[in-house]
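Chains as they are written, first to last, in our numbering: chain A, 16 to 131; chain B, 495 to 602.
The beta carbon of each residue, even a glycine, is placed where N, CA and C say it ideally should be.
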Amino acid sequence: KAGVTQTPRYLIKTRGQQVTLSCSPISGHRSVSWYQQTPGQGLQFLFEYFSETQRNKGNFPGRFSGRQFSNSRSEMNVSTLELGDSALYLCASSWTGTSSGANVLTFGAGSRLTVL
Amino acid sequence: DAKTTQPNSMESNEEEPVHLPCNHSTISGTDYIHWYRQLPSQGPEYVIHGLTSNVNNRMASLAIAEDRKSSTLILHRATLRDAAVYYCILNTGNQFYFGTGTSLTVIP
């Protein structure tokens, strides 16, 4: 079956612009989570969506937002881009809707954002 | 919010076993211990997970301490393709707390 698909794979923006990244989860997966990966901070959790509702949110400013559609596809948006937003943005999906138990994540290849 | 501690880097000779340690002293009773690895230019991939008992799968083994405050990922025979950053993670509900990971170098 198809894996997690993220688009675009690479993009370059300038400070002050906004960006929208897309994630298509594995068919049947209802949970989508987003992570930011930078050399200095490693992998940091942004937010997680399930059935179009944000269930968890990491410690990021309000410029970072997301949403999930009825087909489980998800988008994240970053407004008023800053140089420090340059990073690899990773999306992961999982099937489980339970709040406990072992959730196995399947990651996409990521969207690499460069802010100039 | 990282709740795990791992060595920054480790080296192993090819075809030898590798033991990757992880400390998670603040683990709660319902936290699962997961291991993922990330190869260059790829997203992380699932390796193994467990709750209390040791676990084995085709990729690796997971040894969990009796008090659950530490665990060890065991690669039985390291290959060059196992060179990656290995993350030990606690799964709390729907959140995964990634640490900084261990960069494994496999020496031919």
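Looking at chain A, is there any beta carbon in it that lies within less than 8 Å of the beta carbon of residue i?
i, result
"TYR580 of chain B", "no"
State yes or no: is the C-beta of residue i within less than 8 Å of the C-beta of residue j?
i, j, result
"GLY606 of chain B", "THR499 of chain B", "Any question about residue 606 of chain B goes unanswered here, given that chain B covers just 495 to 602."
"VAL19 of chain A", "ALA107 of chain A", "yes"
"SER46 of chain A", "SER109 of chain A", "yes"
"ARG24 of chain A", "SER94 of chain A", "no"
"PHE122 of chain A", "LEU105 of chain A", "yes"
"SER564 of chain B", "LEU556 of chain B", "no"
"GLN536 of chain B", "ALA124 of chain A", "yes"
"SER48 of chain A", "GLU63 of chain A", "yes"
"LEU128 of chain A", "THR29 of chain A", "no"
"ASN513 of chain B", "ILE527 of chain B", "The sequence given here places His at residue 513 of chain B; Asn does not occur at that position. Result no, Cβ atoms of HIS513 of chain B and ILE527 of chain B do not sit closer than 8 Å."
Given that residue i touches chain B, what residues does it touch there, using C-beta distances under 9 Å?
i, result
"ALA124 of chain A", "SER535, GLN536 and GLY537"
Whose Cβ in chain A lies nearer than 9 Å to the Cβ of residue i?
i, result
"GLY595 of chain B", "GLY57 and LEU58"
Is the Cβ of residue i closer than 8 Å to any Cβ of chain B?
i, result
"LEU105 of chain A", "yes"
"ASN92 of chain A", "no"
"ASN71 of chain A", "yes"
For a test of your reading of the model: does the CB of residue i fall under 7 Å from any non-hydrogen atom of the ligand SAM? Yes or no.
i, result
"PRO501 of chain B", "Because no ligand of any kind appears in the structure shown, any question about the ligand SAM cannot be addressed here."
* Length at least 3, wholly inside the region 69-110 of chain A: the beta strand (DSSP E) runs in chain order -> 79-83, 89-93 and 102-109
* Asked: Can you list the beta strand (DSSP E) stretches of 3 or more residues lying completely in the region 496-522 of chain B, in chain order?
  -> 503-507 and 512-517
* **Start-end ranges of the beta strand (DSSP E) lying completely within the region 525-584 of chain B, minimum 3 residues** => 526-532, 539-544, 555-558 and 564-569
* Below 8 Å, can you find three or more Cβ-Cβ pairs linking the region 87-98 of chain A to the region 35-44 of chain A? -> yes
* Three or more C-beta pairs below 8 Å linking the region 501-514 of chain B and the region 568-588 of chain B -> yes
* Report yes or no: do three or more beta-carbon pairs, one from the region 527-546 of chain B and one from the region 579-591 of chain B, lie closer than 8 Å? => yes
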